[in-house]
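Using full-length UniProt numbering, the letters of the sequence shown correspond one by one to residues 1 to 796. Note that CB positions come from ideal geometry on N, CA and C, so glycine has one too. Keep in mind it's a predicted model, so treat the numbers as computed, not measured. To keep things clear, I will list the structure first and then write my remarks on it.
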Amino acid sequence: MTYLLAAGLPPDVPGWLARRLSGASVQTAATSAETAEALAHDRPTLLAVDAALLDDLLVTTLTRGPEPPPLLVLLPPGAPPAPLAEALSRLRPARILYHPLDREALAREAAALLGVAAAPPTTSGSPRGSLGAAVAGVWQRFREPVLRRVDSLEEAAMGLLEGRLDAETRRAAEREAHKLAGSVGTFGFGEASRLSREAETLLAGPGVLGQADALRLADLAVSIRRELMAEPATPGGMEDPRAGASPEEARGPLLLIVDEDREMAERLAMEASGRGMRTLVAHGAAEAQACLPRRPDAAVLGLPPSDGTLNLLRALSEQEPSVPTIVLTGSDDFADRVEVARHGGRGFLRKPQPPARVVDAVEPLLRRARERETVLAVDDDPSILEGVRHVLSPEAEVRTLQDPLGFWEALESASPDLVLLDVDMPAVSGLELCRVLRNDPRWQSVPIVFLTSRTDADTVARVFAAGADDFVAKPFVGPELAARIRNRLERVRLQRSMAETDPLTGVANRRGSEEVLERLLRLAAAQDEPFALGVVDLDLFKAVNDQRGHAAGDEVLARVGRLLQKRFRSEDVVARWGGEEFVVGMYGMDRADGVQRLAEALEVLREERFHAGGESFSITMSGGVADFPSDGRDLPTLYRAADAAMYQAKSAGRDRIVPSGWRPEHGEGPRAVDVLVVEDDPAIARLLQHALETRGYRHEWVASGERAAAMLTGDNPELRARAVLLDVDLPGLDGHGVLRRLAEARLLDRTRVIMLTVRTHEAEVVRALELGAWDHVSKPFSVPVLLQRIRRALRA
């Protein structure tokens, strides 16, 4: 039998592969132990395995046993760490693919290795028409690692210009260019892919590279970064079913508003738009039916009870997936409530209601639709696990475990919302696992459902005595199991929402966020990844409450909460910890990354206008950022470091985000700054100062090259700068002259100089770099790109 063993792949990929690979079956394994056990029983035609599973157990199984099957390995972006590189050299995989996963490439490669045909890709949209959105979400997750590949190209260009590019570094840069060319096109960056291919070709050439090649490589790296900092286009072949919408319509969930009262419908639409939603407005049931092909994410029905209203409600609930719907009605009759529930309504509000309250009721429905709970199923029978996966996959992400001895590791990894246990298993019984779970404070509230073929009174009593919430008899009936699990997960959502969500802002409260932050910290420690914690506090918020009223203050808090949710990734944690204080946890980011992200949010907040008593006003915030492991290895320590930095930002004048350890300079000796801006154009200088101040960089500006050189050099320098943004075209002593003076004073070993110029002539660039400039940026420049260069310079 031709079959593929999919080990550690995303839960929905094996089923998709089975549909695409004609004449081949697909089996799954979630852990290295499951994979090793499957290999011991039977040799698959092909093993497709995620690199995360290539531990000592699996590598030993593959290298010491009989002839292993061909391997298709999925690697994370970036160069593999040394242990993984060694494992790959021993295993010699037939194919290697990289995350983010290109499914079509996976299907093509698997079909070729299996010797079967690959069915043509389906062209129908996903239920939500969200392939483009999903790719955009993956891009946000992998954006930083991809940009680090561009760093490698820039470093190779710099090494080539300075005559220190060795063969190994050149080959590494060529590999990074190759990976860039193959991956960024997936995200919609076609031009960046083309430029990366050109960089790869240049580096792969047989001859010795010269100065012209170095300059071309530097230009390519700058252009690639500029492309990647822009918004991606929709990747080819991944058009969203709503692709006909305008760019303005392409953002945010789509809310269908149906109300005969045109004024009320318009007010609802305005409120929803203010919260980042797109809206469709209809004034009758027939008009609303015509809107269903647009695939709304939620609906508000403000029509009086009638057959047409109920038919529309039924049609919304029967969409795939169903559209959660709030019903607004002037009647409070119990029979109407029953009919609404019977036809699939998710909420019932009596008119009149303020638009804000209606949209408040819609937002949890949208969050619930986006969230996907995780179920951990533990059973020693693989056929039961496959059946559970098949039944529950539409409802939740299903993680399966065949060996109960791996339960705790799987629990920590999956962080399930519900656990499904078999009673009778070898080594450790399901009842014992249940008691272990209930004995740990972190997992005491997780629902536990048992699957058991023993339904006698004694077994049922022991199941509930161990702490179970429910049980389902084997052999289970699919719809019954799905309904039981669905109901449990609905209760989990409701309880979690009530216990863990701040009702005013819609973000997590302190209780709801602490556990998630602790979990991310543990993951950061296990994966050797950074983790940034930001603490922000609204400036002069008490004055808003005192002068404009608590209603205005509540509106400010609610909008700030929504702004932070929109500005950060779905995997980041945004929480209100009390009063006007918000906390943001950012996995995979260090202090500098966290400062950058919060500073971008601050820039948006500055532009927000609030209204109270016929007047408009604005507000700012101050914040501090700490990171793991530099500032602490536990949440309380990180919080104290970030909180202290936040108070430093307040003391320095508010309206800024600073990293932990930041201090305003004072005392004797030369003043120390992070960045000295030497620029005679006051408009550009003000723009740069504003961007630097927002991000907590200590900075100074001078317009004269002579003045800059005098401040930085001499026996008693006035200023010490870590980085200098130096314009070439300065009156009097130009940028090259300043650079020459800094080199003569032997300052370039501790001060990074980034040249700013409108010139692109090769000789101009070469001259600056020969004089000791660390980097070069051409005008007009992108501020985010320049800030990225500054961060790299300060880290060097």
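Outcome for residue i when other beta-carbon atoms lying within 10 angstroms are tallied against a minimum of 16
i	result
THR186	Confidence in THR186 is poor, its pLDDT being 48 and thus under 50, which makes the residue's placement too unreliable to answer from.
GLY237	Confidence at GLY237 is low in this model, with a pLDDT of 36, below 50, so the placement of that residue should be treated as unreliable; the coordinate-derived value is given next. Burial call: exposed.
ASP775	buried
THR455	exposed
MET270	exposed
HIS690	exposed
GLY387	buried
ASP440	exposed
GLY163	exposed
ARG148	exposed
THR505	buried
GLU200	buried
LEU165	buried
ASP297	buried
LEU726	buried
THR2	exposed
VAL783	exposed
GLN565	buried
GLN444	exposed
Same chain only: Cβ atoms within 8 Å of residue i, ignoring 5 sequence neighbours per side
i	result
ASP422	VAL378, ASP379, ASP380, ASP381, ILE384, GLY430, PHE450, LEU451 and THR452
GLN596	ARG695, LEU787 and ARG791
ALA558	LEU504, THR505 and GLY506
ASP12	SER393
residue 802	Past the edges of the chain, shown from 1 to 796, lies residue 802, and the structure says nothing about it.
Distance between residue j and residue i (C-alpha atoms, nearest Å)
i	j	result
LEU161	ILE790	20 Å
GLU704	LEU730	According to the sequence provided, residue 704 is Ser. The question's Glu does not apply to it. About 7 Å.
ARG686	THR28	58 Å
LEU366	LEU255	9 Å
ALA745	PRO81	40 Å
VAL398	ALA112	29 Å
ARG750	ASP572	35 Å
ARG392	ALA483	First, the amino acid is wrong: residue 392 is Leu here, not Arg. About 9 Å.
MET589	GLY613	41 Å
HIS390	THR400	11 Å
LEU719	ARG671	5 Å
SER778	VAL728	10 Å
LEU376	ALA410	8 Å
SER306	SER331	12 Å
GLY345	PHE568	31 Å
ILE684	MET755	14 Å
ASP593	GLY623	14 Å
Whether residue i touches residue j by CB criterion (8 Å)
i	j	result
VAL785	ARG194	no
PHE348	VAL362	no
LEU217	ARG170	no
PRO530	PHE628	yes
ALA599	VAL507	no
ALA532	VAL625	yes
ALA552	PHE610	yes
LEU84	LEU47	no
VAL419	LEU437	yes
SER32	LEU9	no
GLU373	LEU215	no
CYS434	ALA461	no
ARG262	HIS283	yes
PRO69	ARG43	yes
7 Å Cβ shell around residue i - same chain, five flanking residues per side excluded
i	result
MET621	VAL536, ASP537, LEU538, ASP539, LEU602 and LEU605
VAL281	ILE257, ALA265 and ALA269
PRO780	none
THR501	ALA508, ASN509 and GLY512
Nearest-angstrom beta carbon gap, residue j and residue i [assumed within contact, 8 Å]
i	j	result
GLU191	GLU154	So it is not a contact: roughly 18 Å between Cβ atoms.
ASP480	VAL492	Per the sequence presented here, residue 480 reads as Glu, with Asp not at that position. Not a contact, Cβ separation roughly 19 Å.
ALA157	ALA221	6 Å
SER22	ALA177	Not really, about 36 Å apart at Cβ, beyond 8 Å.
ALA38	LEU5	6 Å
ALA299	THR279	Wrong, their Cβ atoms sit about 11 Å apart, outside the cutoff.
ARG707	HIS736	The Cβ separation is near 16 Å, so there is no contact.
Close beta carbons around residue i, own chain, < 6 Å, minus the five adjacent residues each side
i	result
LEU676	GLU700, ALA721 and VAL724
ARG510	TRP577
ALA18	VAL26
ARG673	The sequence given here has Val at residue 673, not Arg. The residues are ARG698, HIS699, GLU700 and ALA721.
TYR587	LEU520 and PHE531
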